[in-house]
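Step one of this worksheet: look at the structure below.
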Amino acid sequence: MANNENFFERVYAVARLIPEGKVTSYGAIAKYLGAARSARMVGWAMNGSHLKEDVPAHRVVNKAGILTGKHHFDGTNLMQQLLESEGITIVDNQIQNLEKHFWDPLKALK
DNA sequence: CCTGTGACATAAG
DNA sequence: CCTTATGCCACAG
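Everything in the first sequence is counted per the working numbering, starting at 33 for the first residue and increasing by one.
What follows is the structure in structure tokens.
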């Protein structure tokens, strides 16, 4: 099993910094971590995010703003509900006004 | 060192 | 819009 440390912890750390009502992409996180092409690793790391308490994995979507990982949540619409309760509009599993809600760790954290 | 894995990204049909 | 295929990377065993 993946020993949750290093890269994974970094992913979780960034995820925890995502403000409410904001979202970011796997690629953006990966890039911020210095592994721009490791977006898959980010997703994989998120696979264990549920083991963490303060990791808002629902705020992490793919570049198109689509809730690709919703199937990994408890229900089928839990992810969407969480986002909508933060003020984000979602239609057909896709975040609306993504640019408006997008939170880029590269810019926010520098 | 090699293999498997993955909630991505991109390209192609 | 859909499915495949490929590349990419980090890490466990």
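Even for Gly, the Cβ is constructed at its ideal location relative to N, Cα and C.
Within 10 angstroms of the Cβ of residue i, are there 16 or more other Cβ atoms? Answer buried if so, exposed if not.
i	result
R72	exposed
S81	buried
H133	buried
Q128	exposed
G97	buried
Q112	buried
P51	exposed
D124	exposed
Roughly how many whole angstroms lie between the Cα atoms of residue i and residue j?
i	j	result
N38	W76	13 Å
G107	R69	30 Å
L130	I122	10 Å
R48	P88	6 Å
E118	G53	5 Å
T100	K139	24 Å
N36	V46	With a pLDDT of 47 at N36, under the threshold of 50, the modelled position of this residue cannot be trusted, and the question is left open.
V92	L114	12 Å
S57	N94	5 Å
F105	L65	25 Å
N79	A67	18 Å
Can you name, in chain order, every residue of its own chain whose Cβ lies under 6 Å from the Cβ of residue i, other than the five neighbours on each side?
i	result
K84	Y44
D86	R48
L141	none
Excluding sequence positions up to five away, which residues of its chain have a Cβ less than 8 Å from the Cβ of residue i?
i	result
L110	H90, K102
V55	R91, V92, V93, G97, L115, I120, I127, L130, H133, F134, W135
E41	none
Tell me, to the nearest whole angstrom, how far the beta carbon of residue i is from that of residue j; I am working on the premise that it is less than 8 Å.
i	j	result
A60	D136	5 Å
Enumerate in chain order the residues of its own chain whose CB-to-CB distance from residue i is below 7 Å, with the five nearest sequence positions on each side excluded.
i	result
V74	V43, Y58, I61, A62
(Q) Please give me, in chain order, every unbroken run of the alpha helix (DSSP H) with length at least 4 that falls completely inside the region 49-90. (A) Within the region 49-90, the complete alpha helix (DSSP H) runs of at least 4 residues are 58-64, 71-78.
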